[in-house]
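Number of protein chains: 2
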Amino acid sequence: MTQHDAVLFANEAFYLAFRSRDYAAMADIWASGAPVACIHPGWPPLHGRDDVLESWRGIFGGDNPPEISCHAPRAYVYGDVATVICYERVPQSYLIATNVFTREGGLWKLVHHQAGPTNGAPEAYQDEEPPQIN
Amino acid sequence: MTQHDAVLFANEAFYLAFRSRDYAAMADIWASGAPVACIHPGWPPLHGRDDVLESWRGIFGGDNPPEISCHAPRAYVYGDVATVICYERVPQSYLIATNVFTREGGLWKLVHHQAGPTNGAPEAYQDEEPPQIN
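Chains B and Y, in that order, are what the protein sequence lines are.
Its first residue numbered 2, the first sequence is counted upward by one per residue in the numbering used here.
Its first residue numbered 2, the second sequence is counted upward by one per residue in the numbering used here.
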């Protein structure tokens with residue numbers, strides 16, 4: 002597996018943990034040695050592993066299960082750091098996200114996530130209406 | 002100057018070029034060797050130096066001069082890659098941004114920018130109304 006593919010795999014694992022509300026997996030996905038930060042849509046930035054993981058605990062414990070999937074990810078590898086830019090399909094809209102990974106013990110770990118609104122859509126969905134939840 | 006300070010300096014140079022509509026400076030700020038991407042607020046992602054710089058040319062040539070300043074930047078250095086998370090003060094609101102830099106020839110160069118809305122505000126402004134432009 003190339004590093005490019007390994008980063009995309011780590012990115013997909015992030016979204017799997019997200020929509021599965023799997024806190025243990027999410028905690029393992031975020032770096033534990035390198036400093037981390039996270040910007041949820043509309044939120045102020047969260048700095049540090051404790052605040053970031055606390056936010057995921059809150060999201061997973063909320064009334065609305067996170068319905069989210071990752072589309073059209075593109076990875077950029079810069080040595081031991083990589084970014085992934087991808088669409089997030091959520092109820093009634095798409096978001097666009099930046100995820101930054103660094104290697105710890107040979108594994109790609111998340112150090113930063115920002116998601117926010119976009120008027121775009123992944124290419125496969127450009128002619129469709131945004132997804133609707135009944 | 003520490004690498005941490007050097008990254009913050011590069012980040013401030015980005016915002017100076019932005020609000021000065023200095024295309025030549027902006028072109029120099031973005032990496033020329035490493036691949037780049039950019040997500041303007043609400044836009045789909047732009048991939049590649051040509052598309053990214055073309056977007057800046059369009060922004061700088063628009064009718065509305067970009068009124069923007071950077072507040073409360075925080076830098077994270079991961080070897081030869083660094084991220085800066087900062088607020089952007091724009092007319093009537095704040096945005097929150099992620100800027101990713103990599104080192105080229107000993108200088109920090111921008112490889113990725115994402116900005117989007119936030120309901121937060123930099124600490125020094127938390128008790129204020131968002132900025133208003135007459």
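For every residue, glycine included, the Cβ atom is placed at its ideal position computed from N, Cα and C.
Bear in mind that the values here come from a model prediction, so they are computed numbers and not experimental data.
Using only alpha-carbon positions, find the residue among B/E124, B/P118, B/V112, B/S94 that is nearest to B/A28. For the purposes of this step, residue 28 of chain B is taken as residue 27 along the first sequence, with counting starting at 1. Closest option to B/A28, Cα to Cα, is B/V112.
Assuming B/V8 and B/A83 make a contact with CB atoms under 8 Å, what is their CB distance in whole Å? In the first sequence, the residue the question calls residue 8 of chain B occupies position 7. In the first sequence, the residue the question calls residue 83 of chain B occupies position 82. Sure, about 4 Å apart at Cβ, within 8 Å.
Test: B/P46 CB closer than 7 Å to a CB of chain Y: To locate residue 46 of chain B, count along the first sequence from 1; it is residue 45. By this cut-off, B/P46 is an interface position.
Considering only DSSP beta bridges, list what Y/E105 is partnered with. Here residue 105 of chain Y is taken as the residue at index 104 of the second sequence, counted from 1. In the DSSP output, where bridge partners are listed per residue, Y/E105 has Y/L108.
is_contact[B/P66, chain Y] using C-beta, thresh 7 Å: What you label residue 66 of chain B is simply residue 65 of the first sequence in a count that begins at 1. Closer than 7 Å: no.
Could you give the distance in angstroms between the alpha-carbon of Y/D6 and the alpha-carbon of B/G34? Your numbering for residue 6 of chain Y matches position 5 in the second sequence. Your numbering for residue 34 of chain B matches position 33 in the first sequence. Taking the straight line from one Cα to the other gives about 21 Å.
Option in Y/N12, Y/R20, Y/T119 with minimal Cα separation from Y/N65: Counted from its first residue, the second sequence places residue 65 of chain Y at position 64. When only C-alpha atoms are compared, the closest one is Y/R20.
Through-space distance from Y/D51 to Y/G43, alpha-carbon basis: Start at 1 with the first residue of the second sequence, and residue 43 of chain Y comes out as number 42. Start at 1 with the first residue of the second sequence, and residue 51 of chain Y comes out as number 50. Whole-angstrom Cα-Cα distance: 20 Å.
Who are B/P118's beta bridge partners in DSSP? As a working note, residue 118 of chain B is residue 117 in the first sequence. B/P118 pairs with B/L96.
Give every residue of the same chain whose Cβ lies closer than 7 Å to the Cβ of Y/R58, excluding the five residues on either side of it in the sequence, and list them in chain order. The residue given as residue 58 of chain Y occupies position 57 in the second sequence. Cβ within range, chain order: Y24.
With a cut-off of 7 Å, does the C-beta of Y/N12 fall near any C-beta of chain B? On the second sequence, position 11 is the one that residue 12 of chain Y refers to. Not closer than 7 Å to any Cβ of chain B, the Cβ of Y/N12 fails to qualify, so no.
Measuring only the C-alpha atoms, how far is B/V78 from Y/G106? As a working note, residue 78 of chain B is residue 77 in the first sequence. As a working note, residue 106 of chain Y is residue 105 in the second sequence. Going by the C-alpha atoms only, they are around 18 Å apart.
Tell me, please, whether the CB atom of Y/V85 is closer than 7 Å to any CB atom in chain B? As a first step, residue 85 of chain Y must be located in the second sequence, where it is residue number 84. No, Y/V85 does not count as interfacial toward chain B.
Of all the CB atoms in chain B, is at least one closer than 7 Å to the CB of Y/P36? The residue you call residue 36 of chain Y lines up with position 35 of the second sequence. So, interface residue.
Helix, strand or coil at Y/G43 according to DSSP, with G and I counted as helix: Within the second sequence, residue 43 of chain Y is the residue found at index 42, counting from 1. DSSP places Y/G43 in strand when its eight states are reduced to three.
Environment of Y/T3 [buried if 16+ CB atoms lie within 10 Å]: For the purposes of this step, residue 3 of chain Y is taken as residue 2 along the second sequence, with counting starting at 1. That one is exposed.
Taking buried to mean at least 16 other C-beta atoms within 10 Å of its own C-beta, is B/N135 buried or exposed? For the purposes of this step, residue 135 of chain B is identified with residue 134 of the first sequence, where counting begins at 1. At B/N135, the pLDDT of 39 sits below 50, so the modelled position is not reliable; the number obtained from the coordinates is stated separately. Classification for B/N135: exposed.
Could you list which residues in chain A have their beta carbon closer than 8 Å to that of B/Y79, in chain order? Structure shown: chain A not included; protein chains present are B and Y.
Which same chain residues end up closer than 8 Å to Y/C87 when comparing Cβ atoms and leaving out the 5 residues on each side of it in sequence? In the second sequence, residue 87 of chain Y corresponds to position 86, counting from 1. Here the set comprises N12, C71, H72, A73, P74, R75, I97, A98, N100.
Would you say Y/Q115 faces chain B, with C-beta separation under 7 Å as the test? Along the second sequence, read from residue 1 onward, the residue named residue 115 of chain Y stands at position 114. For Y/Q115, the answer is yes, since a Cβ of chain B falls inside 7 Å of its Cβ.
Residue of Y/P118, Y/S56, Y/G62 minimising C-alpha distance to Y/P92: Within the second sequence, numbered from 1, the residue matching residue 92 of chain Y stands at position 91. For Y/P92, the nearest C-alpha among the options comes from Y/P118.
For Y/W31, which residues does DSSP report across the bridge? In the second sequence, residue 31 of chain Y corresponds to position 30, counting from 1. For Y/W31, which the question treats as bridged, DSSP gives the partners Y/L111.
Pull up the distance between the alpha-carbon of Y/G49 and that of Y/S94, whole angstroms please. Counting from 1 along the second sequence, the entry for residue 49 of chain Y is found at position 48. Counting from 1 along the second sequence, the entry for residue 94 of chain Y is found at position 93. Approximately 29 Å, taken between the alpha carbons.
Using DSSP bridges, identify the partner residues of B/T3. Position 2 of the first sequence, counting from 1, holds the residue named residue 3 of chain B. Paired residues: none, contrary to the question.
For Y/V85, the nearest candidate out of B/R22, B/C39, B/Y16, B/I30 (CA to CA): For the purposes of this step, residue 85 of chain Y is taken as residue 84 along the second sequence, with counting starting at 1. Looking at the Cα atoms, B/C39 is the closest of the given residues.
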